[in-house]
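Below: one structure, written as structure tokens.
Number of protein chains: 2
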Amino acid sequence: MARRSDHSRDEIHEMVLLAAERLLETEGAGGLSTRKVATEIGYTVGTLYLVFENLDDLVQQINGRTLDRLYDTLIQATKDCADPQHCIEAMAHAYIEFAIAHRKRWQLVFEHVVTGDAPLPGDYQSKVKRMFDLVESQLNALLGVKASLQAANGARALWCGVHGVCSLAISQKLEVTGVKSVESLTDTLVDNFLRGLTAKRK
Amino acid sequence: MARRSDHSRDEIHEMVLLAAERLLETEGAGGLSTRKVATEIGYTVGTLYLVFENLDDLVQQINGRTLDRLYDTLIQATKDCADPQHCIEAMAHAYIEFAIAHRKRWQLVFEHVVTGDAPLPGDYQSKVKRMFDLVESQLNALLGVKASLQAANGARALWCGVHGVCSLAISQKLEVTGVKSVESLTDTLVDNFLRGLTAKRK
DNA sequence: ACCTGAACACCGTTCAAGT
DNA sequence: ACCTGAACACCGTTCAAGT
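Going down the list, the protein sequences come from chains H and U. Taking our numbering, the leading residue of the first sequence gets 234, the next gets one more, and so forth. Taking our numbering, the leading residue of the second sequence gets 234, the next gets one more, and so forth.
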């Protein structure tokens, strides 16, 4: 059945990504394999290697898409809020909601082990940076223009914190510690941090 | 070569754990396999299943040991500090130092996917809780006895935050965002959070 | 040129059989 | 009783061979 040319290279590329994402959603990261994906799209394993470098490359591209979706979600969250403080709270909640709704996709992004030799691709890096910039611009609005350096560091520290809440909530290591709700925990972190940050300026 | 009885069950148990930890340290989580561990200790794969339920069980026990070490490190960090604020800062730095020094071990604890059917074993849960309690008692000292509920939530929120800094630092997704140093980032998070928390009480 | 499918070197897990 | 080792059902990756 060689030389089929039923699909273009780009079509196969997209078919693989869609099938892989479906597999990820249903079976989790452990169930994601080149052989299953190949079967799912009706091609042989070898074909995947014409379109992707290897499984790592495929995972990286799925993660790129996940970061795009996450970014869109955060943008949406800032649309319905008045002041910077509420915008940041809304983004934090949106971040955690997204992670819970797309648990396995989100886990794949952050569980993915970076192999020492090859750094993350450039567009992947910019996708991460873009997210931090979103928080930074809100902090800038909150603190005023003169404190831009503080906003830059603050945005990173705060967003790392939100990520930590999210990370422990998803890994189910939080329930044990008697947390009432992830939402209130997030608010505790964000509100106290912001109060501390604004108090500093006086 | 059957029926050797060179080692007791407990001895084999410990040999497996040590060999697995060595493999983890050198090759990372990906290089950890039952077959390699078996070869390393001079037994066949089947023998591992006399002592461990499966690979997941083995990983869980390694993680339990890692949490023990982490706890000891945090306890040590509180020995050389005067007031609660400095104790918390010291613990946060110790947490991150530990994660960087034992990168692969630490990653295995938090990347390990919890399979939905079986919850974490009880002693594993208590190991996690113990850590949060350590932070909580410092916050209690800082806030006074009347604010114990605030301390409980605050400890969880703050430690999730520290965990987030650690998590993103280890996964090398932070360097991209222009953070000067992980230490100063941690201080930014902890100091602003604590300032916000104490300001609230006035 | 496009795709196959067999091969290679790995996995986790089980369990009849050997001593 | 203790341990083996072969078997089963999986992996990722490569590449000569077929159309």
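Beta carbons are placed, not taken as given, at the ideal position from N, Cα and C, and that holds for glycine.
Within the 7 Å Cβ cut-off, does residue i reach chain U?
i              : result
residue 421(H) : yes
residue 400(H) : yes
residue 234(H) : Note that residue 234(H) scores 49 on pLDDT, short of 50, meaning its location in the model is unreliable; the coordinates nonetheless yield the value given after this. It does not: the Cβ of residue 234(H) has no partner Cβ on chain U nearer than 7 Å.
residue 368(H) : no
residue 406(H) : yes
residue 429(H) : yes
residue 425(H) : yes
residue 334(H) : no
residue 258(H) : no
residue 273(H) : no
residue 418(H) : yes
residue 432(H) : yes
Quick one: what does DSSP say residue i is sitting in, helix, strand or coil?
i              : result
residue 313(U) : coil
residue 276(H) : coil
residue 247(H) : helix
residue 406(H) : coil
residue 413(H) : coil
residue 291(U) : helix
residue 319(U) : helix
residue 284(H) : helix
residue 370(H) : helix
residue 239(H) : coil
residue 375(U) : helix
residue 261(H) : coil
residue 398(H) : helix
residue 335(H) : coil
residue 346(U) : coil
residue 266(U) : coil
residue 353(H) : coil
residue 430(U) : helix
Residue i to residue j, Cα distance in whole Å?
i              : j              : result
residue 359(U) : residue 365(U) : 10 Å
residue 239(H) : residue 362(U) : 56 Å
residue 274(U) : residue 289(U) : 19 Å
residue 333(H) : residue 265(H) : 20 Å
residue 205(U) : residue 398(U) : The first residue shown for chain U is 234 and the last is 435, placing residue 205(U) beyond what the model contains.
residue 388(H) : residue 324(H) : 12 Å
residue 384(H) : residue 315(H) : 19 Å
residue 431(H) : residue 317(H) : 12 Å
residue 286(U) : residue 243(U) : 14 Å
residue 247(H) : residue 301(H) : 16 Å
residue 292(H) : residue 249(H) : 11 Å
residue 406(U) : residue 311(H) : 24 Å
residue 379(U) : residue 415(U) : 34 Å
residue 342(U) : residue 404(H) : 10 Å
residue 395(U) : residue 423(U) : 8 Å
residue 426(H) : residue 425(U) : 5 Å
residue 284(U) : residue 345(U) : 21 Å
residue 271(H) : residue 251(H) : 12 Å
residue 329(U) : residue 408(U) : 15 Å
residue 393(U) : residue 245(H) : 41 Å
residue 313(U) : residue 319(U) : 9 Å
residue 373(U) : residue 258(U) : 37 Å
residue 305(U) : residue 331(U) : 11 Å
residue 381(H) : residue 410(U) : 15 Å
residue 391(H) : residue 267(U) : 40 Å
residue 262(U) : residue 377(H) : 45 Å
residue 241(U) : residue 327(U) : 37 Å
residue 260(H) : residue 375(U) : 46 Å
residue 354(U) : residue 412(U) : 37 Å
Counting contacts by CB-CB distance shorter than 7 Å, is residue i in contact with chain H?
i              : result
residue 414(U) : no
residue 331(U) : no
residue 396(U) : yes
residue 374(U) : no
residue 393(U) : yes
residue 362(U) : yes
residue 253(U) : no
residue 302(U) : no
residue 287(U) : no
Are the beta-carbon atoms of residue i and residue j separated by less than 7 Å?
i              : j              : result
residue 400(H) : residue 400(U) : yes
residue 428(H) : residue 429(U) : yes
residue 277(H) : residue 338(H) : no
residue 357(H) : residue 279(H) : no
residue 386(H) : residue 419(U) : no
residue 367(H) : residue 307(H) : yes
residue 321(U) : residue 253(U) : no
residue 256(U) : residue 269(U) : yes
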